[in-house]
Every structure is written in C-alpha cells, then in structure tokens.
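See structure below.
In my numbering, the protein residues as written are 33 to 302.
Here is the structure:
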C-alpha cells in the first residue's frame, strides 16, 4: 500500500521572488511538526503546466519581491489555477509583493515617475494595496536599499490574537489595505500599522469561496538575526543596525503572531 502523501505547502520562487524567500520557507518549516508537511518550491511553468501540482496542496505562498514579474508569468491560466485552488478550500498566503499582487488593485508610488498602478487579475481581496509607506521610513519611498527598511509597530486585533498585541516587525516597501468603505463580508482586519495616521490595515484575511487569502504588508518571518545577516557587506551597515535591534525587543511576540497567522491558515503547528 502506498503511503498517504503529505500535505504540501507550495512557495513561488520564480522571477520576482526576493532573496528573502528561502528565509520565509525556512521560518515556516520551523513552526511545523517534523515530517508533517512537504515544503515545495514551485516555478511559474509548473503552475501553468503541472496538472497535479495542487492535488496535495493546502497552502500557496506568494513571497515578497516584485509584482510586475509575477503578472508577466502568472496572468492568464496560472492565476486561474491559483484562484481555483483557493476557491476549492486552499489558502493563499501573500507577503509584501505577494499581498499587493492578490488585491483588486495596486497603487505603488502613485503620482511619481516610477508608479506602478492598476487592477490585478488574481484579485482575491477586494482592496486597493497602497504603498510604499514613507511615513514609516523617515519620508523615503521604497528603493530596495536598507535605508527604506524599518522596524514598525504593529498592533493585532482580536481577530488574530485573543487580546490585541503590540510588537515590532520588519517593513520594506509593503502596503496598507484600503477598502472602499469597510471590509466586505468574510473579510477581517487582523493587524494595523500603529504608527500610521488612521491605523490602516497591515494584515487582512478574506474568505474566497471555500478557502481563504491571508495578506500581510510586513515581514513577520524576519528575525533580528536575519536582519543583521542581510546588512552584512553594506558599507553603512552600522547606520541600520537599530532596525535589527528593535526587532529583537519583541522577537518572541513577533514569532507568536506569525504562528497565529499560519494557524489561521489551517496549518498544524509544532
């Protein structure tokens, strides 16, 4: 008798995915019971052509990186397959660029020469993803360098944790989620940016058919150590170590909230 296949957590690693993706996969893996899940890196061609790709999947992870390459490779049939996976009971976890990508519309640096704006095909969540948020980074728009990273204050809602929690988490170009009036049926705000006027949503959850989309504008998976590792080799590393030190202040709370998010996605945790 063939053994039952393990449930799979699929993570997109093709064009657009950032160097943080390996960190993300590792951090997710460390929260799971040993041997309970198979973590699988997938390419766009597999999403397009592998008819059995989603057969054993329980979660599809879209990491941080860049939205336009995602559109270039996944618009059309691949997005249809991702949406069908979620509608049939799967979970989509979108982080930073992966969160922008799954919203109805994106407004990235609107009004600037490098603006990236417009509707998005996948549209799992009926919101406009607005970023970056220079009010979190000393007035600097995201430019891919350490000077636009920050340890930002996040405050959870009772939809994610039993009681609201405040913690610091890694931010690098992520979005807030703007709803036309209020979140629609089945959509919940799980955490907000405590340091931004109006405390806009930073993490949201939306029912999509029988499944769910979990979107976060921040990087809960990044620890103080990984923050420091990313800075090594930068000539001005010392200028940004305060970001890593701030992450250390609430490291246990950050990881606890990340675990709650994974549990919200139906994963069994170690």
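Beta carbons are placed, not taken as given, at the ideal position from N, Cα and C, and that holds for glycine.
Can you tell me which of the options puts its alpha carbon nearest to the alpha carbon of residue i?
i: residue 288; options: 73, 253, 153, 112; result: 253
i: residue 81; options: 113, 62, 272, 72; result: 113
i: residue 142; options: 160, 297, 235, 269; result: 160
i: residue 110; options: 86, 121, 184, 251; result: 86
i: residue 120; options: 88, 148, 103, 139; result: 88
i: residue 73; options: 64, 106, 300, 46; result: 46
i: residue 262; options: 40, 108, 176; result: 176
i: residue 78; options: 55, 106, 182; result: 106
i: residue 256; options: 118, 115, 182; result: 182
i: residue 117; options: 84, 101, 61, 291; result: 84
i: residue 56; options: 299, 258, 285; result: 258
i: residue 299; options: 35, 36, 41; result: 41
i: residue 147; options: 99, 104, 108; result: 99
Would you mind reading off the limits of the alpha helix (DSSP H) that contains residue i?
i: residue 233; result: That residue, residue 233, is in no alpha helix (DSSP H); its beta strand (DSSP E) goes 233-240.
i: residue 102; result: 99-106
i: residue 131; result: 129-133
i: residue 57; result: 53-62
Short of 7 angstroms in beta carbon distance, which residues of its chain neighbour residue i, apart from the five on each side in sequence? Order them along the chain.
i: residue 179; result: 172
i: residue 281; result: 200
i: residue 151; result: 136, 137
i: residue 266; result: 178
i: residue 101; result: 47, 48
Once DSSP output is grouped into helix, strand and coil, what is the label at residue i?
i: residue 165; result: coil
i: residue 228; result: coil
i: residue 218; result: coil
i: residue 259; result: helix
i: residue 253; result: coil
i: residue 178; result: helix
i: residue 117; result: helix
i: residue 186; result: strand
i: residue 91; result: strand
i: residue 275; result: helix
i: residue 136; result: strand
i: residue 66; result: coil
i: residue 300; result: coil
i: residue 109; result: helix
Need the endpoints of the beta strand (DSSP E) that residue i sits in, please.
i: residue 72; result: 70-74
i: residue 284; result: No beta strand (DSSP E) holds residue 284; the alpha helix (DSSP H) holding it covers 283-296.
i: residue 41; result: 40-44
i: residue 248; result: 243-248
i: residue 199; result: 198-203
i: residue 210; result: 208-210
i: residue 151; result: 148-151
Within a Cβ cutoff of 8 angstroms, which residues of the same chain sit near residue i, ignoring the five residues on either side of it in sequence?
i: residue 144; result: 173
i: residue 38; result: 67, 68, 69, 70, 88
i: residue 273; result: 260, 263
i: residue 241; result: 118, 119, 120, 121
i: residue 301; result: 63, 64, 65, 291, 294, 295
Please list, in chain order, all residues of the same chain as residue i whose beta carbon is under 6 angstroms from its beta carbon, the five residues on each side excluded.
i: residue 216; result: 158
i: residue 235; result: 222, 223, 248
i: residue 75; result: 46
i: residue 168; result: 182, 184, 203
Problem - the region 93-103 contacting the region 43-56, beta-carbon criterion three pairs below 8 angstroms - result: They touch, by the three-pair rule.
Exercise for the section: Evaluate contact between the region 194-213 and the region 149-166, counting only Cβ atoms and requiring at least three cross-stretch pairs below 8 angstroms. Expected result: Contact between the region 194-213 and the region 149-166 is present: 3 or more CB-CB pairs across the two stretches fall below 8 angstroms.
Exercise for the section: Report yes or no: do the region 241-253 and the region 126-133 share at least 3 C-beta pairs separated by less than 8 angstroms? Expected result: Yes, they touch.
Handout entry: Touch test, the region 272-280 against the region 142-159, Cβ-Cβ under 8 angstroms, three pairs minimum
Key = No: the two stretches stay apart, fewer than three of their Cβ pairs being nearer than 8 angstroms.
Exercise for the section: Pair every Cβ in the region 190-200 with every Cβ in the region 210-230, then say whether three or more of these pairs are closer than 8 angstroms. Expected result: A contact exists between the region 190-200 and the region 210-230.
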